[in-house]
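The next block holds one structure in the form of structure tokens; read it before the comments.
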Amino acid sequence: MNKLVGFIGLGQMGGRMADNLRKHGHKLIVCDPVPANVQKQVDQGAKAAANGREVAEQCDTIITMLPSTATV
């Protein structure tokens, strides 16, 4: 199973969820306003996206893990 998964929001919960997906063979494209969160995932094999639109254009599945409805 190698679906391309987009992950928007890589904080405490989102980062751990992305780690778990990657460990189970999923390829990730990630986006987060905190560059260090993105870099951690890139260092582990994910691809960085500039924004949520770029994630959406490239992925089969998108997961958002954001702090509030307003952020969405």
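Residues 967 to 1038 in our numbering are what the sequence shown spells out, letter by letter. The beta-carbon is built from N, C-alpha and C at its ideal position, and this holds for glycine as well.
Looking at the ligand ADP, does it come within less than 8 Å of residue i, judged from the CB to the closest heavy atom?
i: residue 1000; result: Looking at this structure, you won't find the ligand ADP or any other ligand, since it has none at all.
If residue i and residue j are in contact, beta carbons under 8 Å, what's the gap, nearest whole angstrom?
i: residue 974; j: residue 1032; result: 7 Å
In whole angstroms, what is the alpha-carbon distance linking residue i and residue j?
i: residue 1026; j: residue 991; result: 15 Å
i: residue 1036; j: residue 971; result: 23 Å
i: residue 969; j: residue 993; result: 6 Å
Is the separation between the beta-carbon of residue i and that of residue j shorter than 9 Å?
i: residue 980; j: residue 1029; result: yes
i: residue 1015; j: residue 1024; result: yes
Reducing DSSP to helix, strand and coil, say where residue i ends up.
i: residue 987; result: helix
i: residue 1018; result: helix
i: residue 1008; result: helix
i: residue 981; result: helix
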